[in-house]
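Note sheet for the following structure.
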Amino acid sequence: MTTASLYGAFNARWLEPDEVAKTFVPVPEFRKVVQTRHSLLLGPRGCGKTTLLKMLTDSAQAAWLTSRPSEARTFPVPNFVAVYVPSDTKWSFELESIRKEVPTSFTVAERVQRCLVALSVTSATMQAIADFKLGEEQERAFCIDLVKALNLGSTHPRLSFLIAAVEALATQVRAALSTRDVYTIDAVLAALPVSVRASLADALLFVVRLLRPLPKGARRRRQWALCFDELEMAPQWLQTELLRDLRSTDQRLLLKLTWTPIVPDFLRLHAQPGADYDVVRLWNSHVPDFRPFCRMFAERLIKDRLGEEAKSPELLFGRSSFARDEAPKEEEDAYARGTEVWDAFRTQASSDRHFATYLKRHGVNPQDPSSAPPEIRDRVLRKVKPIVLLRDAFRKSSGGRSRKKRSLYSGEDAIYAMSDGNPRWLAGLLNDLLDALLKDLQSRGRKKFSLPMRASLQADVLEAASRRMVAFIRAFPVLQGERYETTAGVLVDIVDTLGKRLEVELLGRDFNSDPIGGFLVDDSLPNLVRREIERGLLIGALILLSEARSGMPDNLRGARVRLSFMLAPVYKLTFRNFRAVGLSGLLGSAAHGQRRFPVR
1 MTTASLYGAF NARWLEPDEV AKTFVPVPEF RKVVQTRHSL LLGPRGCGKT TLLKMLTDSA
61 QAAWLTSRPS EARTFPVPNF VAVYVPSDTK WSFELESIRK EVPTSFTVAE RVQRCLVALS
121 VTSATMQAIA DFKLGEEQER AFCIDLVKAL NLGSTHPRLS FLIAAVEALA TQVRAALSTR
181 DVYTIDAVLA ALPVSVRASL ADALLFVVRL LRPLPKGARR RRQWALCFDE LEMAPQWLQT
241 ELLRDLRSTD QRLLLKLTWT PIVPDFLRLH AQPGADYDVV RLWNSHVPDF RPFCRMFAER
301 LIKDRLGEEA KSPELLFGRS SFARDEAPKE EEDAYARGTE VWDAFRTQAS SDRHFATYLK
361 RHGVNPQDPS SAPPEIRDRV LRKVKPIVLL RDAFRKSSGG RSRKKRSLYS GEDAIYAMSD
421 GNPRWLAGLL NDLLDALLKD LQSRGRKKFS LPMRASLQAD VLEAASRRMV AFIRAFPVLQ
481 GERYETTAGV LVDIVDTLGK RLEVELLGRD FNSDPIGGFL VDDSLPNLVR REIERGLLIG
541 ALILLSEARS GMPDNLRGAR VRLSFMLAPV YKLTFRNFRA VGLSGLLGSA AHGQRRFPVR
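Numbering (my numbering), first residue to last: 1 to 600.
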């Protein structure tokens, strides 16, 4: 009963492709990513972009087919050889550093970066070929040719040694860079193979051309896919080149790129989504969209953690009337006399005349909401149910934390909703809950736990996670020049202002059946605030709302966003998308007299 290492590593970047395959939960978007077309994967941190890219590689595909053959066979196999290349933050540091410390060296700085990126592509391509499991003689012949072509001297003709030799070349470049001497840097760059001084496509195809004959597993695949991860971290020249190549590049090469939810204007000028490449959106705006994925993920993690003691997520955590939207056939039971929902409706109607008037106006008996016809339950009660439960829990006249407060944010559906379908967040929530469960079991001296897990214990864990999210927003670093700094003040103030406004909407004196739930990024917002909103979308503090499952968000103007549901326990939010209002009015009024948010 210990945390499995793979599920404990929330970032797929640090896992080998075959390890990623062991915890992979297929999503519908994967069918689009494996198509023989250029792809641009968009989404916030932790949404699974890296996982999908690594799942394209031969080693991940082989591990997936071996560990879960029935599942793997339901998805198409990539008809290309995938080469996975992660972005390296050092590239940006090095560029700024040499620009500042070596006069008139802009060209030298970019040449250094180009060589370092090309060396990474070369190394990754050789690793992809190593996954073919070449025969001993073929690997030796290929490596001998490669040693000559790359001027690697007396390197032993094995792929593992060649990969190490290429990485050593990158170390030499960085060592030369540290001298801050243009002539030394020039000399080192001039000694590098021609292939790593040209384009990224040349670096990849240069290695591939030497592989003759092609291994059996690669013969039917005539194309190679350069899978470039976290492109937003890369230097601008690299971003521009790769986005441009989506429109026109070597026919033997596919591009699979990842980016944040919003692609900058200057990058969208080079190729057209749909015509030149597929856009794959990896975030969800509505809870029902990601519930099936969350349940599959939770089932596997729980089984991995608890082994023979594993139970279904519903049995382990129970259900949540607050977070769950019942199907029509379940609604009669949900509002039946004596249920939590029925009691909350009656209690609120007796203490809030505005709410009682609302029910009467819509043909509902305030003292017996279960008597309402099915069509009214679906149209009226269902819409306001989470608002009523929230007000019932937090608008008590008695002091202290009531039992209802302690259990509101708990249950299977509340856990999924708080994760916003983000695999990294969901893994964190589930592991925290299981850790708390096992610790509680040990402290009580029991060998078996009673089901479901105590709601108050779940609520404590989820509230702590929500508060950590606030701290994460405050501390998230931003690249400023050649070092990371925090500009959390503006983003934290934006999030806090919006969260407190939603709390007033939901828990104010008068019942509001149509509260604010989202925010429109209107034209009146200054660039500073708009940039901070983009950063909020990157780290998941904000979620971009869109009905379209495909298509690239043009820009933030006119976009609709909401706060992450991970923040719900802190700001006492529901898990619903209600109406949206303009951000400039809310932030402008909040800043009046304090000038926290500059407005035009």
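Yeah, the Cβ is synthetic: ideal placement off N, Cα and C, and Gly gets one too.
Judged by beta-carbon spacing, M453 lies beyond the 7 Å limit of F297, meaning their Cβ atoms are not closer than that value. Rounded to the nearest angstrom, the Cβ distance from S419 to L408 is 17 Å, too far for a contact under 8 Å. Going by C-alpha positions, F565 is about 28 Å away from A336.
In terms of Cβ geometry, A344 and L359 do not form a close pair [threshold 7 Å]. A distance below 7 Å separates the beta carbons of L42 and W259. CA-to-CA, the gap between R361 and S524 works out to about 38 Å.
H354 sits away from D514, with the two beta carbons spaced by 7 Å or more. Residue environment analysis places E136 among the exposed positions, since fewer than 16 neighbouring C-beta atoms fall within 10 angstroms of its C-beta.
Straight across, the Cα-Cα distance linking Q35 with L254 is about 10 Å.
A direct Cα-to-Cα measurement between R346 and V263 gives close to 49 Å.
When C-beta atoms of the region 144-160 are compared with those of the region 66-84, fewer than three pairs fall below 8 Å, so the two segments do not count as touching.
Around the beta-carbon of A475, fewer than 16 other beta-carbon atoms lie within 10 Å, marking it exposed.
Here DSSP, grouped into helix, strand and coil, assigns T258 to strand. When C-alpha distances from T107 are compared across I163, V83, L53, D186, the shortest belongs to D186.
In the three-state reduction of the DSSP assignment, W425 falls in the helix class. One thing to note: L544 has its Cβ no nearer than 7 Å to the Cβ of L538. For S39, the three-state secondary structure derived from DSSP is strand. Between R560 and G489, the alpha-carbon positions lie close to 22 Å from each other. Fully enclosed alpha helix (DSSP H) runs of no fewer than 4 residues occupy 159-178, 182-190 of the region 144-204, in order along the chain. For T184, the CB contacts under 6 Å within the same chain, skipping 5 residues up- and downstream, are A176 in chain order. In this structure, the CA atom of S248 is about 29 Å from the CA atom of A170. Around the CB of L528, fewer than 16 other CB atoms lie within 10 Å, so the residue is classed as exposed.
N577 sits away from G421, with the two beta carbons spaced by 7 Å or more.
Just measuring C-alpha positions, the residue of P235, L437, A225, P261 sitting nearest L246 is A225. Under a 10 Å Cβ-count criterion, A168 is classified as exposed, with fewer than 16 other Cβ atoms of the shown protein chains found around its own Cβ.
Annotation for D289: the continuous alpha helix (DSSP H) segment containing it runs 287-306. Rounded to whole angstroms, the gap between the alpha carbons of L451 and L315 is 6 Å.
Around the Cβ of D352, a 10 Å sphere holds 16 or more other Cβ atoms; the residue is buried.
For D392, the CB contacts under 6 Å within the same chain, skipping 5 residues up- and downstream, are A344, T347, Q348 in chain order. The beta carbon of L586 is closer than 8 Å to those of T497, L498, R501, F519 in its chain, skipping five residues each way along the sequence. DSSP places W14 within a helical segment (H, G or I) once states are collapsed to three. Taking 7 Å as the cut-off, the beta carbon of D131 is found closer than this to the beta carbon of S59. If you draw a straight line from the Cα of A201 to the Cα of D250, it comes to about 7 Å. Beta-bridge pairing by DSSP links V81 to W224.
In this model, R158 and L65 are separated by some 27 Å (Cα to Cα).
If the five residues before and after L211 are omitted, its C-beta is found closer than 7 Å to the C-beta atoms of I129, F142, all from its own chain and listed in chain order.
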